[in-house]
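>
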Amino acid sequence: MASFYTNGLFIFIYITTRYFLFPHLLKMFNAEQMMLQYIDVLFNTPFISYKTLKECILFTQFKNNGSNLNQMPLYVSLFVNIPEQLHFYMFALIDMLTLLYFLKLDIPHCVSTSLKTKFWIYLFNPLIFLNLIMRTQFVFTQFFIIMALYYCQNYKLNKYHVYKASISIAIATYLDIYNIGLALICLNFFKKFNQRKQSTICFITALTLLYFISYRINSNFIDNVILSCVLFKEQYPNIGLWWYFFTEMFQEYRNFFKFVFNGYSYIFVIPVFLRFKHYPLQGSVILFTWITMFKPYPTVGELGFILTAFVSWFDMNIIENKLIMGLLVMHSLVLLPVFYHLWITVGSGNSNFFYAMTLVYVIGLALVLLGMIKSLLYNEYISINCDDKNHEEDKSDKKLNLVCV
Amino acid sequence: MLVLEAFIKCIITYTLLLPFTSADVSTASFEEKLNLKLLPKDYVLFSFNFKLKSDNIISSSNALFEFKRHNGFSRSIEPLLTKNNVKNLYIKFTKGHWDSQKWGKLPNNGWSSGGSGVEIWAMMEASNKDEVIKNWNILMSEVSGLFCSSVNFINSEKITFINDIQSYYDVDLLDHIPITNEDNELFFLRGSLANEAVCTENLSPFLRILPTNGKTGLSSLINGNRLFDSYWNSMSIDINTVCTDESNCYLDTEIDINFVVNIPQALARKERPTPKPVPAEELQCDPSKKLTDWECFPLLSEKTYSFLLSDIFGTYINDSNRFNKEQVSSISITGIDDEHWSTGIKVIPRGVEDKEEIERLGLLGTSNHVYELKEHQKTNYDIYIGTTDNTKVALDESEYPPIYVTRSLTGDSQDKGVMRVAFTNPSQQREITIRYFETLPWFIRLYVSSLKINVKPYKNLNIPKFSGDAKDVILKTDVKPSIIRSAPLHMQHTLRIPKNSVVMMTFDFEKPLLNYEEYPPDSNHGFEVEAAVVVVIDESYEEKALNGEFKGHLKDHNYIMRTSTLLLTLATPDFSMPYNVITITSTLMAFSFGLIFNLLTKRVVTFEDSKKLVTERPLVRLLKGLKLKK
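As given, the protein sequences belong to chains A and B, one line each in that order. Oh and the first sequence: position 347 is 347 in my numbering, straight run, nothing missing. Oh and the second sequence: position 199 is 199 in my numbering, straight run, nothing missing.
Written out as structure tokens, the structure reads:
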């Protein structure tokens, strides 16, 4: 009984500090002006920023087309009906639901992360929290991805879960077209062909329906959101590799390289689908990380999701070079805003400094990705080759010395 | 053969007779005027005004050949308009800053000057917007050739379509515009090039349009040296198509050339073309400050002086207007009182060329300071202006501008900033309604939703302050967002400025990167952003005009002004290393692809098994086999 009350009190404190106290404090100290503008470049792109959302909400009155209205019509119409003071609480609600689904997700048996640890991992991830404070669209995308994973995993509990999963994936794809690969990976969850078929059909119908409704609301979204994102029309510096490449690329080759880069970010969809047939949960994170590295508008919010998933769904014991990995990511996260500030505001550095940091960031992500894959492959070996009886002994005796050939 | 001969004869008689038959219907005329307005602090505003009317531009359909008679009207204008279906065309070249705090209202209520740079307005007939833009582009390249200006850069990225025509154009004149095709609509467009350098090569086309060619009449005074060495100058040409009935249309053209000159400086320029110190004997010292044999604080300006126009322009007015016998050229001098100022005209008859002889010629003065150039023979004229107290120039209450507008960019970084516009209504009696017309290039990502508005009192007076919601100041908003690389952001706010108050609007904006070839050669200089247009509306007049009860001219009721242009700096990439960026990025991508591809395609085995596996690889076996053979 006592623990029930402590838990209740604990959750109460969590909710008040995360969703009320901290945001209020930040507002009081004028955080937007003082701090958040420096890390703006890390978290916001025109396609997910709250500023664009507000602009889109305003332009629902005018019915004029403009290329800077880069938000999906349904996402905008959700917020049109909510008074502006309550917008943050909408994001807070979604964040809370994300946490709920994240906790409910079954972790693979090889990873021994307790519920409490998962809770802390999510709670104390500053990237996820800042993402929430910045009110970016990724709060929603992340929620739909995690919800989709949860329903995929528990599709056996209820026959509607297959549909729920496909619809969530469809919404995540709707919000960010680069998530489309996840739909394929999630098919690995379903063991029977019939369910796969159901899921595929449901996904395609949901996505078509979403696009159709959006088209009826505002037909310009194809140009302003999808094509603008895929073809990198809004040239703002971000932490990805595209912005500098296409600023400097020669005119004649620009379209060709846009095609190549897009193909590049989807290149591992089928290999991951085939290779990690039995690990769809981890497989989807691996694919998500790869796409984040090479999509036109990545943000650090995505890194927050990746790191949370990495720590809680992968066996950290197998992964080597954790220190280097962590230092690289930290190093880039600290220096990215600093060098951006030096280039843009102070003028004492130039764009190459910031560009160099984006390279370091991508290398850091690549190492994380490498760790993920390695951990998954070794796990696979252990679960196939070591029987349950031997397994216990093996673990206690010595560490398996595994290599890839 | 006979028939042919008769035909040719017919044609010849027709050709010969034609000029005589149509001579009496000529509507062509030419008027010229010069107004000198003395402004406080020794400034003077020269306003040249030329009015031209063309002949009937609709050729009668029964004519065998099309004979176009121009009667002094420039031949280049008419094809420019008719070919592209342009009905009205207003071109304005402006340079410098009009100090409305000191000098009061803009000349002609602001209608004859534009924002700094080139500004073009056009009323065009077309079936749809695409056709308009197509015609506009052709028009611009022709105008750019005609006026030697780079207006061909005003493409669809810069033009705006104007909605509330009644604020910028006399609505009743719309009825007089001929429309060739009933299905077509009229579009009113505006485009401008900010801070385009205006110079002599733009002036000479203006003078060439005049029938006097800048050689005789008042236009003989205008020369590039004088015009562009002024504090503020503007040249504008307004071409309107006006039809009295279906077969009678003419082009009504008005050319205004205005500039502000500081008299002592202009006179000093004549005396000492190269800057040299004033000789000691001419130096006037300020007695209120320290004055010894060695120290002298010069008086800022002399209290008494007199000058002739020829001192300022370097030439006399050569002859009068010979094209219009009824409307003689006239020169008027305003803004002065009779007590302290005197004016006069000097008529220099033909043949008198000796300087001393000219100096000895007498002056003729009139009480109303209006002079007409009447002599119908080759005669030179000169105007004299003298004063006993140059401080006795004061602006009328009605000459103070109804509004002051300042616009600026703030923010310290190159990726975002704030645009701030402040409208001041200095009047203590009445509130004013204005239209704030803004066009911003697409590379300013302005967030209209971030608009913050507040109202502050202008001066601390005893009249009640504005109380109420600042948002109520905005009566109407019209926004057309920008489209990347194809359309500018256009917004128009109708505001009501309360009396004695300052309304401040701020907008947040972000600035993107451009592709490397889109940056100008001096990319760190920044981009010029064109001036915003502000019209002070006479509401009762506008209502009447919309209802068709037309009274008076729009230009007498609405006051139009432009803000200053802005300089926008964008973040620049390092232009020197495209190859580095391309190769390093590609290397990194290939590197991460390789790492992951490597892992995905390989088997996981224990270290002990791996040795065996490695030795069984086909390549290793092949090598082994080769070794054994040796």
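We put the beta carbon where it would ideally sit given N, CA and C, even for glycine. Owing to the predicted nature of the structure, the values given are computational and were not obtained by experimental measurement.
1) What number of angstroms, rounded off, separates the C-alpha of Ile167 (chain A) from the C-alpha of Asn194 (chain A)?
2) Is Lys544 (chain B) close to chain A, meaning its C-beta is less than 9 Å from at least one C-beta of that chain?
3) Answer with yes or no whether the minimum CB distance from Met357 (chain A) to chain B is below 9 Å.
4) Is there at least one Cβ from chain A nearer than 9 Å to Ala470 (chain B)'s Cβ?
5) Kindly confirm or deny that the segment 202 to 218 of chain A and the segment 41 to 49 of chain A touch, where touching means at least three C-beta pairs closer than 8 Å.
6) List in chain order: all unbroken beta strand (DSSP E) runs of 3+ residues lying wholly within the segment 183 to 250 of chain B.
7) Could you compute how far the alpha carbon of Pro205 (chain B) sits from the alpha carbon of Ser47 (chain B)?
8) Would you call Leu21 (chain A) buried or exposed, if buried means 16 or more other Cβ atoms sit within 10 Å of its Cβ?
9) Could you have a look at Ile133 (chain B) and say whether DSSP puts it in helix, strand or coil?
10) Classify Thr299 (chain A) as buried or exposed, calling it buried when 16 or more other Cβ atoms lie within 10 Å of its own Cβ.
11) Starting from the beta carbon of Phe59 (chain A), find every residue of chain B whose beta carbon is closer than 9 Å, and list them in chain order.
12) Does Arg254 (chain A) come within less than 9 Å of chain B when only Cβ atoms are used?
13) Is the CB-CB distance between Glu248 (chain A) and Met589 (chain B) below 9 Å?
14) Does the beta carbon of Lys156 (chain A) come closer than 9 Å to any beta carbon on chain B?
15) Grouping DSSP H, G and I as helix and E and B as strand, with all else coil, what is Cys296 (chain B)?
16) Against chain B, does Ala34 (chain A) count as a neighbour if the rule is that its beta carbon must be under 9 Å from one of theirs?
17) Tell me, please, whether the CB atom of Phe607 (chain B) is closer than 9 Å to any CB atom in chain A?
18) Assuming Phe443 (chain B) and Lys511 (chain B) form a contact by the criterion Cβ under 8 Å, report the distance between their Cβ atoms to the nearest whole angstrom.
19) I need the straight-line Cα distance from Leu619 (chain B) to Lys627 (chain B), nearest angstrom please.
20) Starting from Val604 (chain B), follow its DSSP beta bridges and name the residues at the other end.
21) Please check the pair Ile177 (chain B) and Lys87 (chain B), which I expect to be a contact at CB under 8 Å, by giving their CB distance rounded to whole angstroms.
22) Could you name each continuous beta strand (DSSP E) segment of 3 residues or more that falls completely within the segment 301 to 387 of chain B, going from the start of the chain to the end?
23) By how many angstroms is the C-alpha of Tyr231 (chain B) removed from the C-alpha of Asn223 (chain B)?
24) With 9 Å set as the bound, which would you pick, yes or no: does the beta-carbon of Leu600 (chain B) sit closer than that to a beta-carbon of chain A?
25) Would you give the residue range spanned by the alpha helix (DSSP H) that Ser175 (chain B) belongs to?
26) Following the continuous alpha helix (DSSP H) through Met96 (chain A), name the residue where it begins and the one where it ends.
27) Say whether chain B places a C-beta atom closer than 9 Å to the C-beta of Asn68 (chain A).
28) Taking only beta-carbon atoms, is Met325 (chain A) less than 9 Å away from chain B?
29) To which residues does DSSP link Val418 (chain B) through a beta bridge?
30) Confirm, please, whether the CB-CB distance from Asn425 (chain B) to Lys497 (chain B) is below 9 Å.
31) Nearest chain B C-beta to Pro23 (chain A) closer than 9 Å, yes or no?
32) Flag Ala23 (chain B) as yes if its beta-carbon sits less than 9 Å from any beta-carbon of chain A, otherwise no.
33) So, with DSSP's three-state summary, where would you put Pro618 (chain B)?
34) Along chain B, in chain order, which residues have C-beta atoms closer than 8 Å to that of Ser351 (chain A)?
35) So, does the CB of Val581 (chain B) fall closer than 9 Å to a CB anywhere in chain A?
36) Identify which residue in A:Gln37, A:Ser67 and A:Tyr14 has its Cα closest to the Cα of Cys229 (chain A).
Result, derived from the coordinates:
1) Position 167 of the first sequence, counting from 1, holds the residue named residue 167 (chain A). Position 194 of the first sequence, counting from 1, holds the residue named residue 194 (chain A). Near 17 Å, if we compare the C-alpha coordinates of Asn194 (chain A) and Ile167 (chain A).
2) For the purposes of this step, residue 544 (chain B) is taken as the residue at position 544 of the second sequence. No, Lys544 (chain B) does not count as interfacial toward chain A.
3) For the purposes of this step, residue 357 (chain A) is taken as residue 357 along the first sequence, with counting starting at 1. Closer than 9 Å: no.
4) Here residue 470 (chain B) refers to the residue found at position 470 when the second sequence is read from its first residue. Chain A, which has no Cβ nearer than 9 Å to the Cβ of Ala470 (chain B), makes this no.
5) no
6) 185 to 194 and 232 to 245
7) Along the second sequence, read from residue 1 onward, the residue named residue 205 (chain B) stands at position 205. Along the second sequence, read from residue 1 onward, the residue named residue 47 (chain B) stands at position 47. If you take the alpha carbons of Pro205 (chain B) and Ser47 (chain B), they lie about 18 Å apart.
8) By one-based count along the first sequence, residue 21 (chain A) stands at place 21. That one is exposed.
9) Position 133 of the second sequence, counting from 1, holds the residue named residue 133 (chain B). The answer is helix: DSSP assigns Ile133 (chain B) an H, G or I state.
10) By one-based count along the first sequence, residue 299 (chain A) stands at place 299. Counting Cβ neighbours within 10 Å, Thr299 (chain A) comes out buried, since at least 16 surround it.
11) Counted from its first residue, the first sequence places residue 59 (chain A) at position 59. Chain B residues near Phe59 (chain A): Val448, Ser449, Val479 and Pro481.
12) For this step, residue 254 (chain A) is matched to residue 254 along the first sequence. Closer than 9 Å to some Cβ of chain B, the Cβ of Arg254 (chain A) qualifies, so yes.
13) Taking the first residue of the first sequence as 1, we reach residue 248 (chain A) at position 248. Taking the first residue of the second sequence as 1, we reach residue 589 (chain B) at position 589. No; because the gap between Cβ atoms is not below 9 Å, this pair is not in contact.
14) In the first sequence, counting from the first residue as 1, residue 156 (chain A) sits at position 156. For Lys156 (chain A), the answer is no, since every Cβ of chain B falls outside 9 Å of its Cβ.
15) As a working note, residue 296 (chain B) is residue 296 in the second sequence. Three-state DSSP puts Cys296 (chain B) in coil, outside helix and strand.
16) Walking along the first sequence from the start, residue 34 (chain A) turns up at place 34. With the sequence shown as reference, residue 34 (chain A) is identified as Met, and Ala is not the correct amino acid for it. Taking Cβ atoms only, chain B never reaches closer than 9 Å to Met34 (chain A), which makes this a no.
17) In the second sequence, counting from the first residue as 1, residue 607 (chain B) sits at position 607. Phe607 (chain B) counts as touching chain A.
18) For this step, residue 443 (chain B) is matched to residue 443 along the second sequence. For this step, residue 511 (chain B) is matched to residue 511 along the second sequence. Indeed, because the Cβ distance is near 6 Å, the residues count as touching under 8 Å.
19) Taking the second sequence and counting its residues from 1, the one referred to as residue 619 (chain B) is at position 619. Taking the second sequence and counting its residues from 1, the one referred to as residue 627 (chain B) is at position 627. The straight-line gap from Cα to Cα measures roughly 12 Å.
20) Here the question's residue 604 (chain B) lines up with position 604 in the second sequence. For Val604 (chain B), which the question treats as bridged, DSSP gives the partners A:Cys404.
21) Counting from one through the second sequence, the residue named residue 177 (chain B) turns up at place 177. Counting from one through the second sequence, the residue named residue 87 (chain B) turns up at place 87. With a Cβ gap of about 5 Å, Ile177 (chain B) and Lys87 (chain B) count as contacting.
22) 305 to 308, 329 to 334, 341 to 348, 370 to 373 and 380 to 387
23) For the purposes of this step, residue 223 (chain B) is taken as residue 223 along the second sequence, with counting starting at 1. For the purposes of this step, residue 231 (chain B) is taken as residue 231 along the second sequence, with counting starting at 1. Their Cα atoms are separated by approximately 15 Å.
24) On the second sequence, position 600 is the one that residue 600 (chain B) refers to. Closer than 9 Å: yes.
25) As a position in the second sequence, residue 175 (chain B) is number 175, starting the count at 1. According to the sequence displayed, residue 175 (chain B) carries Asp and not Ser. Taken as a continuous stretch (DSSP letters only), Asp175 (chain B) belongs to no alpha helix (DSSP H), as it is neither H nor E.
26) Locating residue 96 (chain A) in the first sequence gives position 96, counting from the first residue. Taken as a continuous stretch (DSSP letters only), the alpha helix (DSSP H) holding Met96 (chain A) covers His87 to Lys104.
27) Here residue 68 (chain A) refers to the residue found at position 68 when the first sequence is read from its first residue. Closer than 9 Å to some Cβ of chain B, the Cβ of Asn68 (chain A) qualifies, so yes.
28) Against the first sequence, residue 325 (chain A) aligns to sequence position 325. So, not an interface residue.
29) Position 418 of the second sequence, counted from the start, is the residue given in the question as residue 418 (chain B). DSSP output for Val418 (chain B) lists B:Thr410 and B:Asp508 as bridge partner(s).
30) Here residue 497 (chain B) refers to the residue found at position 497 of the second sequence. Here residue 425 (chain B) refers to the residue found at position 425 of the second sequence. One detail in the question is off: residue 497 (chain B) reads as Ile in this sequence, not Lys. Yes, these two residues count as a Cβ contact at 9 Å.
31) The residue labelled residue 23 (chain A) in the question sits at position 23 within the first sequence. It does not; no Cβ of chain B falls within 9 Å.
32) The residue labelled residue 23 (chain B) in the question sits at position 23 within the second sequence. Unreliable placement is indicated for Ala23 (chain B), whose pLDDT of 42 sits below 50; the coordinate value is still reported in the next sentence. Taking Cβ atoms only, chain A never reaches closer than 9 Å to Ala23 (chain B), which makes this a no.
33) As a first step, residue 618 (chain B) is located in the second sequence; it is residue number 618 there, counting from the start. The answer is helix: DSSP assigns Pro618 (chain B) an H, G or I state.
34) Here residue 351 (chain A) refers to the residue found at position 351 of the first sequence. Chain B residues near Ser351 (chain A): Ala571, Thr572, Pro573 and Asp574.
35) Residue mapping note: residue 581 (chain B) aligns to position 581 of the second sequence, counting from 1. Yes, contact with chain A.
36) Start at 1 with the first residue of the first sequence, and residue 229 (chain A) comes out as number 229. Nearest C-alpha to Cys229 (chain A): A:Ser67.
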